[in-house]
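For the record, the sequence lines run as chains A and B. The first sequence begins at 2 in my numbering and counts up by one. The second sequence begins at 246 in my numbering and counts up by one.
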Amino acid sequence: MSKNIILCGVGGQGTILASRLIASAAMKKNLPIKTAETIGMAQRGGSVFSHLRMGEGANSPMIAKGEADLIIAFEPGEAVRQLPFLKKGGAVVVSSRPVMPVSAMIGKSVYDASAMITYLKEQVEHLTIVDADQAAQELHSSKTLNVVLLGAAIRSGELGLDASEIEEAMKERVPEKFWDLNLRSLAWSK
Amino acid sequence: MHKEFLMGNEAIALGALAAGVNLVAGYPGTPSTEVLETVAKRCGGRAYVEWSINEKAAMEVAAGAAYAGARAMVTMKQVGLNVASDPLMSLEYIGVKGGMVVLVADDPGPISSQTEQDTRTFGMFSKVPVFDPSSVSDAYEMIQEAFEVSEKYGTPVIFRATTRVDHGYEALEVRDAEEYKVCKPEGFVKDPSRWVIFPKLSVKNHALIEKRNEGLSDVFSEYPRNVIRWEKGIASEAQGEKKMEARCENGSEAGCKKGIATHGANYGYVLDSVGGLKLRVLRVATPFPFPEKLALEFLSGLEEVLCVEELDPVIERALTYVCGKYGLSVKIRGKKTGDLPLSGENTPEIVAAAIARFLQDGGAGELADKDASIGNATAGGIAEMKLPEPPALPVRPPVLCAGCPHRASFYAVKMAMKGRKTIYCGDIGCYTLGNAQPLDMCDTCLCMGAGIGIAQGVYHTEPDTKCFAFVGDSTFFASGITETINAFYNQAEMTLVILDNSTTAMTGHQPHPGTGRTVMGQVVEKVSMEKVLRAIGLTVVETVDPLDYKLSVETVKRVAEEPGVKAIIFRSPCIALTKPSGRSIVNLEKCIACGKCIRELGCPALVLGEDGKKAKIDTSLCTGCTLCEQICPVGAISGGSKNDTQTVEKTMAETNERKAFEEKKAEQGGKKDE
Ligand code: SF4
Ligand code: SF4
Numbered sequence: 002m003s004k005n006i007i008l009c010g011v012g013g014q015g016t017i018l019a020s021r022l023i024a025s026a027a028m029k030k031n032l033p034i035k036t037a038e039t040i041g042m043a044q045r046g047g048s049v050f051s052h053l054r055m056g057e058g059a060n061s062p063m064i065a066k067g068e069a070d071l072i073i074a075f076e077p078g079e080a081v082r083q084l085p086f087l088k089k090g091g092a093v094v095v096s097s098r099p100v101m102p103v104s105a106m107i108g109k110s111v112y113d114a115s116a117m118i119t120y121l122k123e124q125v126e127h128l129t130i131v132d133a134d135q136a137a138q139e140l141h142s143s144k145t146l147n148v149v150l151l152g153a154a155i156r157s158g159e160l161g162l163d164a165s166e167i168e169e170a171m172k173e174r175v176p177e178k179f180w181d182l183n184l185r186s187l188a189w190s191k
Numbered sequence: 246m247h248k249e250f251l252m253g254n255e256a257i258a259l260g261a262l263a264a265g266v267n268l269v270a271g272y273p274g275t276p277s278t279e280v281l282e283t284v285a286k287r288c289g290g291r292a293y294v295e296w297s298i299n300e301k302a303a304m305e306v307a308a309g310a311a312y313a314g315a316r317a318m319v320t321m322k323q324v325g326l327n328v329a330s331d332p333l334m335s336l337e338y339i340g341v342k343g344g345m346v347v348l349v350a351d352d353p354g355p356i357s358s359q360t361e362q363d364t365r366t367f368g369m370f371s372k373v374p375v376f377d378p379s380s381v382s383d384a385y386e387m388i389q390e391a392f393e394v395s396e397k398y399g400t401p402v403i404f405r406a407t408t409r410v411d412h413g414y415e416a417l418e419v420r421d422a423e424e425y426k427v428c429k430p431e432g433f434v435k436d437p438s439r440w441v442i443f444p445k446l447s448v449k450n451h452a453l454i455e456k457r458n459e460g461l462s463d464v465f466s467e468y469p470r471n472v473i474r475w476e477k478g479i480a481s482e483a484q485g486e487k488k489m490e491a492r493c494e495n496g497s498e499a500g501c502k503k504g505i506a507t508h509g510a511n512y513g514y515v516l517d518s519v520g521g522l523k524l525r526v527l528r529v530a531t532p533f534p535f536p537e538k539l540a541l542e543f544l545s546g547l548e549e550v551l552c553v554e555e556l557d558p559v560i561e562r563a564l565t566y567v568c569g570k571y572g573l574s575v576k577i578r579g580k581k582t583g584d585l586p587l588s589g590e591n592t593p594e595i596v597a598a599a600i601a602r603f604l605q606d607g608g609a610g611e612l613a614d615k616d617a618s619i620g621n622a623t624a625g626g627i628a629e630m631k632l633p634e635p636p637a638l639p640v641r642p643p644v645l646c647a648g649c650p651h652r653a654s655f656y657a658v659k660m661a662m663k664g665r666k667t668i669y670c671g672d673i674g675c676y677t678l679g680n681a682q683p684l685d686m687c688d689t690c691l692c693m694g695a696g697i698g699i700a701q702g703v704y705h706t707e708p709d710t711k712c713f714a715f716v717g718d719s720t721f722f723a724s725g726i727t728e729t730i731n732a733f734y735n736q737a738e739m740t741l742v743i744l745d746n747s748t749t750a751m752t753g754h755q756p757h758p759g760t761g762r763t764v765m766g767q768v769v770e771k772v773s774m775e776k777v778l779r780a781i782g783l784t785v786v787e788t789v790d791p792l793d794y795k796l797s798v799e800t801v802k803r804v805a806e807e808p809g810v811k812a813i814i815f816r817s818p819c820i821a822l823t824k825p826s827g828r829s830i831v832n833l834e835k836c837i838a839c840g841k842c843i844r845e846l847g848c849p850a851l852v853l854g855e856d857g858k859k860a861k862i863d864t865s866l867c868t869g870c871t872l873c874e875q876i877c878p879v880g881a882i883s884g885g886s887k888n889d890t891q892t893v894e895k896t897m898a899e900t901n902e903r904k905a906f907e908e909k910k911a912e913q914g915g916k917k918d919e
């Protein structure tokens, strides 16, 4: 099995932990794994991404355009930004909650997040929209959006890993007092 | 051996430990920082590790250790090498006794740097041998080989990785601590004819270095990581395998007229796109001294070569030189022939597209029937994605964090100097982001510490301008002190603004001399900026909490009117070091929807509310810094509290350690006085 996965969002949203969880789970299964991440200035509220390549045959961690099996997007606009990387028939899991850039707030640019969702609906057949606000309300925490998205990714069938494998990886990285919240987040779907 | 999932920089650090490194010094800089941090974390007392005040100091510390026979490593980003170039250029003439690796992280793109300089070129200029790893696992082994080469030939070597290797991750086998090499330094042996650089020694050693490098070119032709591959779908073969084996993989070299020469992260992109094609691939792991004999072997029988490189056309030039030297008629293509972009980072699709073009145009007759498969193997994916134009994507330049004290400092200076003729010279750090709208408080930015010099030059040219230089705490220690002395001595008139957030924030919160902590966790005496400035001779040195808006504005107004060089230290910790003091909220009854808070501060936590008019605060981002509360004309915002009441939980333990340290110091001081 080999999978190319892209995680994307805005600096500070927790894409790195999610990518780390996938990688640990893959390692446990003895799958070769290579990843590349945005570190540095862009982390200050800029667009960030992680590329993950799981399985045999990858010579570099970078995924070429049109070759991602799955995009896990923490933000609608960022999903659209990364869409050229999706292969035909690939899956997208996206959080519906936009992060407004400062430039849009002070009127120096425009950002219409609902247009992003519409565009994704038109272009992607295998699309899962995660209502982040509802999830946060029901889970009483907005901190586990990354895990909620991972759960949706597992159910999309394109992650190449199952829930128990991610659970195990999570337990190794997350302090025990947060296990329950994370398990509920992983299972959450509306 | 055991398996770990490691970042490239972590793998390099563990490789250095496995090679028995005794001393590591460096200065933080993306994408190099994690190397030194990992050595500090994982060394288990095997090595001495320090964050030096700048790269020059680090290079000299490492050189001293290598003189004494220790294995030493110095870490920095590419622009840091400019700072350290003075000692390195001379060090190459002197040489080392213990192995010394100069780790330099290059940043194609650039993603977080001022320049796209190529350290392979610097190796050539300085005559220092260069290693260029292609992947995380490659880097792990290669750093150990770099130490061996350095020690064997008595020269520092450069280990230059790029972002995709430094910040790439891989699961790989690494040695257990018990398997680490143990290196016991002999100690410094006095010998003025060896360690003291004089013209006579320089000319003698210069000749020896040139000879040695010629010899190294032959040695590197046999180095298994410099490899020729006759491609036949062996893309997944482990990198770095014995060259001979790889060559025997497919003997059918006849008829192969085209080759690709590549390096670093691009090697992976090339292998990912040439699977199944009849192409010869040369991977250059040591760009300097260039493995000439291996290159000759690679070129033999070829008609055309495409050099797939990032940053400078180093291999392209070297191959062109080899062709000229040996009278070969092989066409060398690459950046100089317009086949690859002259700047920026290469991506898998840029590489795949360049290879596809290279195969399809002139002289690719025998490949014509393969056109379809070329399409599939290379640009196939791209061709299939026919997406319509998306709606306007959100524009996201990086911004200062919500609650960042720098925002308050910039805003205070901006308000205090409203209507005046000013120049705001910026510098390198998070606070370069003060250039963004709506603050717009960074008129220049060049390199570490340069803002202080530039402000002086502007003053001497336009004395009626109020000249400000903004510099961070870490940058001030790294390269701001000499610039300040220059200003004071040469009678400039300017205001030095030190943005002291008690950490090196941009690179991930490293300690510096002002923090009184070291990377090894020791508590040491803090270097006081105020004392340094006063010792230089400045009489106006004021320290203010930037989150006290009114006081800050008053201070700037007053200090800027003083003659000569004066300093304001805005001191407030980086939000990443403190716990939020609370959350501010907008009272919608009071808010008059003037938009001032959003428009003037640009805090990412301040957004428009549901009605699209009144302000709203994103409580998941707000730190309760109170800046917006202080500037709202109707007092509609409340709930936060200034940082003096913030619980600095993370640094609590440290505070206790500091107390113990101060007490011990007082005790000892007391004893001395007796
Ligand atoms: S108090 Fe105001 S300025 Fe400070 S972080 Fe919160 S919203 Fe931003
Ligand atoms: S500055 Fe005060 S009144 Fe104006 S929009 Fe902001 S909260 Fe409302």
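All C-beta atoms, glycine included, are put in the ideal place defined by N, C-alpha and C. Remember, it's a predicted structure, so these values are computed and weren't measured experimentally.
Nearest-angstrom Cα separation, counted from residue j out to residue i
i: residue 520 of chain B; j: residue 546 of chain B; result: 21 Å
i: residue 310 of chain B; j: residue 325 of chain B; result: 20 Å
i: residue 190 of chain A; j: residue 83 of chain A; result: 24 Å
i: residue 96 of chain A; j: residue 141 of chain A; result: 17 Å
i: residue 441 of chain B; j: residue 560 of chain B; result: 35 Å
i: residue 910 of chain B; j: residue 772 of chain B; result: 15 Å
i: residue 355 of chain B; j: residue 677 of chain B; result: 15 Å
i: residue 306 of chain B; j: residue 377 of chain B; result: 24 Å
i: residue 623 of chain B; j: residue 513 of chain B; result: Low confidence applies here, because residue 623 of chain B scores a pLDDT of 42, under 50, leaving its location unreliable; read the following figure in that light. The alpha-carbon atoms of residue 623 of chain B and residue 513 of chain B are separated by roughly 13 Å.
i: residue 822 of chain B; j: residue 312 of chain B; result: 39 Å
i: residue 433 of chain B; j: residue 358 of chain B; result: 37 Å
i: residue 693 of chain B; j: residue 258 of chain B; result: 26 Å
i: residue 221 of chain A; j: residue 596 of chain B; result: Outside the modelled stretch of chain A, which goes from 2 to 191, sits residue 221 of chain A, for which no answer is possible.
i: residue 798 of chain B; j: residue 699 of chain B; result: 24 Å
Host alpha helix (DSSP H) of residue i (start-end)
i: residue 702 of chain B; result: 695 to 706
i: residue 655 of chain B; result: 650 to 661
i: residue 561 of chain B; result: 559 to 571
i: residue 349 of chain B; result: Careful: residue 349 of chain B lies outside any alpha helix (DSSP H), inside the beta strand (DSSP E) at 345 to 351.
Residue i: first and last residue of the uninterrupted beta strand (DSSP E) it sits in
i: residue 52 of chain A; result: 48 to 55
i: residue 96 of chain A; result: 87 to 96
i: residue 271 of chain B; result: 268 to 271
i: residue 189 of chain A; result: Careful: residue 189 of chain A lies outside any beta strand (DSSP E) and carries neither H nor E.
i: residue 776 of chain B; result: Careful: residue 776 of chain B lies outside any beta strand (DSSP E), inside the alpha helix (DSSP H) at 774 to 781.
i: residue 321 of chain B; result: 317 to 322
Residue of the options minimising C-alpha distance to residue i
i: residue 670 of chain B; options: B:715, B:281, B:382; result: B:715
i: residue 648 of chain B; options: B:595, B:400, B:820, B:328; result: B:820
i: residue 333 of chain B; options: B:371, B:299, B:355; result: B:371
i: residue 64 of chain A; options: A:109, A:50, A:75, A:132; result: A:50
i: residue 753 of chain B; options: A:45, A:32, A:37, A:29; result: A:45
i: residue 824 of chain B; options: B:528, B:869, B:674, B:266; result: B:869
i: residue 873 of chain B; options: B:865, B:406, B:882; result: B:882
Simplified DSSP assignment, three categories, for residue i
i: residue 440 of chain B; result: helix
i: residue 117 of chain A; result: helix
i: residue 390 of chain B; result: helix
i: residue 665 of chain B; result: coil
i: residue 5 of chain A; result: strand
i: residue 252 of chain B; result: strand
i: residue 533 of chain B; result: strand
| Mind listing which residues of the segment 669 to 688 of chain B have their C-beta closer than 9 Å to chain A's C-betas, in chain order? | 675, 677, 678, 681, 682, 683
| request: Using a Cβ-Cβ cut-off of less than 7 Å, list which residues of the segment 708 to 737 of chain B approach chain A; keep chain order. | output: none
| task | Anything in the segment 40 to 60 of chain A with a Cβ closer than 8 Å to a Cβ of chain B? List those residues in chain order, please. | result | 40, 41, 42, 43, 44, 45, 46, 47, 48, 57, 58, 59, 60
| message | Short of 7 Å Cβ to Cβ, which residues in the segment 109 to 121 of chain A face chain B? | response | 109, 110, 111, 112, 113, 116, 117, 120
| said: If the cut-off is 8 Å on Cβ atoms, which residues from the segment 272 to 296 of chain B count as contacting chain A, listed in chain order? | reply: 275, 276
| task | Output, in sequence order along the chain, the residues in the segment 21 to 38 of chain A whose CB is closer than 7 Å to any CB in chain B. | result | 24, 25, 28, 33, 34, 35, 36, 37, 38
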